[in-house]
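J.:
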Ligand code: NDP
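Residue numbers (our numbering): 2 to 256.
(1) Along the chain, which unbroken stretches of the alpha helix (DSSP H) at least 4 residues long are found entirely within the region 85-170?
(2) If we ignore side chains and look at the alpha-carbon of each, how far apart do residue 245 and residue 185 end up?
(3) Does the beta-carbon distance from residue 169 to residue 127 come in below 8 Å?
(4) Select from 24, 77, 149 and 35 the residue whose C-alpha is nearest the C-alpha of residue 51.
(5) Quick check: the region 194-212 against the region 231-240, are at least 3 beta-carbon pairs closer than 8 Å?
(6) Report, in whole angstroms, the separation of the C-beta atoms of residue 111 and residue 162, which I expect to be a contact under 8 Å.
(7) Could you give the uninterrupted runs of the beta strand (DSSP E) lying entirely in the region 214-247, keeping only those of 3 residues or more?
(8) What do you reckon, is the C-beta of residue 72 under 7 Å from a heavy atom of ligand 1?
(9) Within 10 Å of its beta-carbon, does residue 108 have 16 or more other beta-carbons around it, so buried, or fewer, so exposed?
(10) If you check the beta carbons only, do residue 214 and residue 167 fall under 8 Å apart?
(11) For residue 79 versus residue 18, is the C-beta distance shorter than 8 Å?
(12) From residue 29 to residue 247, what distance separates their C-alpha atoms?
(13) With a threshold of 6 Å on Cβ separation, who are the neighbours of residue 191 within its own chain once the five nearest residues in sequence on each side are excluded?
(14) Tell me whether the beta-carbon of residue 41 lies closer than 8 Å to the beta-carbon of residue 47.
(15) Would you call residue 104 buried or exposed, if buried means 16 or more other Cβ atoms sit within 10 Å of its Cβ?
(16) Short check: CB of residue 13 to CB of residue 44, under 8 Å?
(17) For residue 150, tell me which candidate among 39, 138, 117 and 188 has the shortest Cα-Cα distance.
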């Protein structure tokens, strides 16, 4: 059906969009017609990413810097998004951090930093953006999980808890908003080449392990995720709600 994946007229707010997966997902949404608003904490790289994307895609691109762990910052940030671009009709909760350390050595501060960035942020952002979607009777929320949404690894207690929690938050948002025409889903990427995974890719043992462990035999790229993300925020997914779509080269399909 023509136009099923067309995002013309949508206003997409993408968190953690100054680099890595968020920047590439934002580009995919822009290339499918959406006006995009990129957000991250650090203003310089964020503004540069917005300029690069506007030049490359010809789309309308805005940038608003705020910290997704700061409750008032999120309220003010979403208000600024509205002023610049209009009410968001698509929210992509992508900002995230990693922390690798055995559980017994993990400080409460690191635990809270990871949970606040990866999980509580999705609650805060959606609490600001979803009411207008519900009132309008349409909208999409996409939460970026991980293979750690369903599989554990030693040293990833806070990260795995945050990503597992995100799957349940996705389902609760579905339970509360699906009847109002708002679809909420999660995207669970496998191991993807970004700054977040540079230490892993620089470790020859881990690199060899991940290539062997992944049926596709390689690391993912952010571009591998674009099709699934565009699908989940498009009209094509109007009856897809509360799901976790894993894009991992087959990693979670095999042991
Ligand atoms: P990157 O580290 O490359 O990018 C993270 C982005 O999030 C940056 O734009 C960063 O900008 C922003 N960010 C981090 N903390 C905050 C904060 N407190 N407030 C606002 N923005 C913030 O990460 P990836 O692109 O690799 O990861 C993106 C998402 O994908 C994460 O949720 C991650 O867990 C998930 N993921 C990644 C995988 C991978 O293999 N790379 C695999 C599975 C899931 P700034 O620092 O300026 O704020």
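Virtual Cβ for every residue (Gly too), placed ideally from N, Cα, C.
T.: If we stick to the structure as given:
(1) Taking only runs of at least 4 residues, the alpha helix (DSSP H) segments lying wholly in the region 85-170 are 109-116 and 122-137.
(2) A straight line joining the alpha-carbon of residue 245 with that of residue 185 spans about 10 Å.
(3) A distance of 8 Å or more separates the beta carbons of residue 169 and residue 127.
(4) The shortest Cα separation from residue 51 among 24, 77, 149 and 35 belongs to 24.
(5) Not touching, per the Cβ criterion.
(6) So it is not a contact: roughly 12 Å between Cβ atoms.
(7) Counting whole runs of 3 or more residues, the region 214-247 contains no beta strand (DSSP E) stretch at all.
(8) For ligand 1, not one heavy atom lies less than 7 Å from the Cβ of residue 72.
(9) Exposed is the call here.
(10) Not in contact: residue 214 and residue 167 (Cβ atoms no closer than 8 Å).
(11) No, the Cβ-Cβ distance between residue 79 and residue 18 is not below 8 Å.
(12) As the crow flies, the alpha-carbon of residue 29 is around 18 Å from that of residue 247.
(13) For residue 191, where only same-chain residues beyond five positions count, the Cβ hits under 6 Å are 148, 221, 249, 250 and 252.
(14) Closer than 8 Å, so yes.
(15) Burial is judged here by how many other beta carbons sit within 10 angstroms of a residue's own beta carbon; residue 104 has fewer than 16 and is exposed.
(16) No, the pair does not count as a contact, with Cβ atoms beyond the cut-off.
(17) Of all alpha-carbon atoms in 39, 138, 117 and 188, the one lying nearest the alpha-carbon of residue 150 is that of 188.
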